[in-house]
Every structure is written in structure tokens, then in C-alpha cells.
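Heads up: the sequence shown begins at 607 in my numbering, then just goes up one per residue.
This report refers to the structure that appears directly beneath it.
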Amino acid sequence: MRILTGIQPSGALHLGNYFGAMLPAIHLQQEGEAFYFIANYHSMTSLTDAAQRRQFTLDVALDFLACGLDPARCVFWRQSDVPEVAELAWMLSTVTPMGLLRRCHSYKDKVAKLADGDEGSVNHGLFAYPVLMAADILLFDSNIVPVGRDQKQHLEVTRDIAIKFNEQYGQTFVVPEARIREEVALVPGIDGQKMSKSYGNTIEIFGEEKATRKKIMGIVMDSRTPQEPKPDADKNLAVQLLKVLNADLGKEFEEKLRTGGTGYGDLKKKLFEVYWEYFAPARSKRAELAANLDYVNGVLDTGAEKARAVARGVLARAKQACGLD
607 MRILTGIQPS
617 GALHLGNYFG
627 AMLPAIHLQQ
637 EGEAFYFIAN
647 YHSMTSLTDA
657 AQRRQFTLDV
667 ALDFLACGLD
677 PARCVFWRQS
687 DVPEVAELAW
697 MLSTVTPMGL
707 LRRCHSYKDK
717 VAKLADGDEG
727 SVNHGLFAYP
737 VLMAADILLF
747 DSNIVPVGRD
757 QKQHLEVTRD
767 IAIKFNEQYG
777 QTFVVPEARI
787 REEVALVPGI
797 DGQKMSKSYG
807 NTIEIFGEEK
817 ATRKKIMGIV
827 MDSRTPQEPK
837 PDADKNLAVQ
847 LLKVLNADLG
857 KEFEEKLRTG
867 GTGYGDLKKK
877 LFEVYWEYFA
887 PARSKRAELA
897 ANLDYVNGVL
907 DTGAEKARAV
917 ARGVLARAKQ
927 ACGLD
């Protein structure tokens, strides 16, 4: 069983990334052939600063390796180091109806957020994002693709594209299955919305101590005094975040708020302490990796070689099927 997933280098990774994608990916290393890539081509739809893209790409590599990704148990590479994916994306685009892409939620949401609702200002990369995602998946004969509910539709598009290509040119691609991470709780941001870089409401995995403490202590609470019982304690943002990091301790503080006698300041201090302690081993590991970038780049280069060995075979099969060889 081959498992594939990717993550965009579009900014500092945060708790939502960690619990939603990184931790499940690390656990899946034990279940089959794990193929994981840093989706730097995808980042070009929204990030235009070249220096930032290089830095964010390196940061994703450091973060994943620090948090437990094992190069001995997975193939880990930069997307752009396997150029076959761009060639396959073009081939797939010739069997992909525009109507299918227009129905994608991510595209419709982007257009809806524009002041004039004019899709003419949306770049082709964002419109064709699901085709490149399909190429990422199909190029490696992926069996299982772990996705959150917000990416489920794109996986369904991948399946549709693979089936259409297979019908048109003969059996060529493995049709992948989604593995929906039902067990992953929504990680709220410090403003109550879903934690997302685009909302500016994140708690970074490897944030600076002083800045992160200030961010957590700045989470807005209501005006009730510590002595007042809070029957809606389960809706408290700090409690919800604490539960993500330590379920038992989160429930304990939820009950303390519910019965009264615990101040919000004490709760937020505890949240910071638990966060800081949770990632302490990973911070230490990341510092070691940052001091040995030759090793990190070697991991990515070796991963790219392994990935390309698979990609070349699948691309050759596709080119033969449609008469390009």
C-alpha cells in the first residue's frame, strides 16, 4: 500500500498543520510505503516572493524531520525536484473538463471573496490546482491519500481524471482512495475561527517563546470573574486548545471553569506551559537539524531520486498509452 501526502510551504507551520496533517502522516509511516513531498509548485498560486519560498520550503523540511518524519521509513522530497509532475499535469489537463474545475469549492470560494466577483483576476494556477494535485497523486501509483474534509473534493477530482484518462487511453493509472481523517478535531485559532495562516490567527509549532506567550496570553476572554461558574466552559478557546495538546488536562480545566474558582489568566498560563513542553523535544531536534543543513538537503535529494525512479516509470506508461512515446 502506497500512501501519499504533501504540504505547501506557504508560511510557518502551526498547531492546525501539526495535528491535522503532520502527526497523522508521521503515524502512517508504519502502515505502508509513505511518499511525502513539499508542494512548492503549489505555493506559486499565492506566494510570489522567491526568497520566502526557498526559506519556507526549508522550514517545512526542518519541521517535519524535527517532529518525527523518518527518512528510513518514507520518501521525502521537494515537489520541484521531480519535474515529471509538471509534464503529467499537462497530459491530465487535456482530459479535464473546465466545468469540473469550476465546481471546486476552493476556486468558487476564491472568486466569491473578490470584491467584484470577477474570475478574470484569478490566476490559472489556482484554477488548475486540482489537476496538478491529480498529477502529484497519480504519478506515484498512490493507493491511499489522507485528506481533511476540505480536500476531499480535490481527491474526488483526481479519481474522475484518472478514470477519464483510463477510459480514453486504456488502463494507465491507479485510482486512489481517500482516507478522511475523521478523528482529527478542528483546531481553533486564537480568534475562534479555524486556525489558518490566511486568517492570521495561528500558534506556530516553533514560535519564539516570548512572542508565543504574548499571543496565548492575549486570547480574548469574557468579563466573568474567576469565582463565577461557567457552564459553557467547553466553548472556551483556551480550553479547546488545551484539549488538543493534552485531552485530560483540558477536561480538568474545563471542569474547573464550569464550577468556578479558576481565573482565565491561570488557564492561559497553563496552556502556554503545556504547549512549550509538548514541543520541547522537537525544538531541540530542529536546532540540531538547522545546524546540519547538508544532512537535511541530502535527505531531500535522496528522496527526490527515489521519487523520480517511480515517476519516470508511471510517466512512460502514460506517454505510451496516449501515443507520446
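Glycine residues also receive a C-beta, built at the ideal position from the N, C-alpha and C atoms.
Computed from a predicted structure; not experimentally measured.
Which of helix, strand or coil DSSP assigns to residue i
i, result
"residue 555", "Residue 555 lies beyond the residue range present for the chain, which begins at 607 and ends at 931; the question has no answer from this structure."
"residue 647", "coil"
"residue 753", "strand"
"residue 794", "strand"
"residue 800", "strand"
"residue 868", "coil"
"residue 734", "coil"
"residue 560", "Outside the shown range of the chain, which is 607 to 931, sits residue 560, and nothing can be said about it."
"residue 652", "coil"
"residue 859", "helix"
"residue 637", "coil"
"residue 852", "coil"
"residue 771", "helix"
"residue 729", "coil"
"residue 908", "helix"
Residue(s) in a DSSP beta bridge with residue i
i, result
"residue 830", "DSSP lists no partner for residue 830."
"residue 611", "642"
"residue 783", "750"
"residue 810", "620"
"residue 683", "643"
Short Cβ contact (8 Å threshold) for residue i with residue j
i, j, result
"residue 737", "residue 728", "no"
"residue 823", "residue 622", "no"
"residue 713", "residue 744", "no"
"residue 746", "residue 641", "yes"
"residue 892", "residue 812", "yes"
"residue 859", "residue 850", "no"
"residue 785", "residue 763", "no"
"residue 918", "residue 690", "yes"
"residue 637", "residue 609", "yes"
"residue 819", "residue 878", "yes"
"residue 808", "residue 648", "no"
"residue 682", "residue 906", "yes"
"residue 855", "residue 880", "yes"
8 Å Cβ cutoff, residue i in contact with chain C
i, result
"residue 650", "Within the model displayed, chain C is absent; a lone protein chain is all it includes."
Neighbour-count burial assignment, residue i, 16 or more Cβ in a 10 Å radius
i, result
"residue 558", "The first residue shown for the chain is 607 and the last is 931, placing residue 558 beyond what the model contains."
"residue 810", "buried"
"residue 926", "exposed"
"residue 794", "buried"
"residue 836", "buried"
"residue 904", "exposed"
"residue 774", "exposed"
"residue 646", "buried"
"residue 628", "buried"
"residue 921", "buried"
"residue 890", "exposed"
>> Any contact between the segment 754–769 and the segment 706–716? By contact I mean 3 or more CB pairs, one from each, below 8 Å.
In response: Contact holds: three or more Cβ-Cβ distances are below 8 Å.
> If you pair each beta-carbon of the segment 866–873 with each one of the segment 655–665, do three or more pairs fall below 8 Å?
Replying inline: Because the criterion of three Cβ pairs below 8 Å is not met, the segment 866–873 and the segment 655–665 do not touch.
> Does the segment 674–688 come within contact of the segment 630–650, defined as at least 3 CB pairs closer than 8 Å?
Replying inline: yes
> Counting pairs of beta carbons, one from the segment 822–838 and one from the segment 874–887, are three or more of them closer than 8 Å?
Replying inline: yes
>> Below 8 Å, how does it come out for the segment 741–755 and the segment 679–698: are there three or more Cβ pairs, yes or no?
In response: yes
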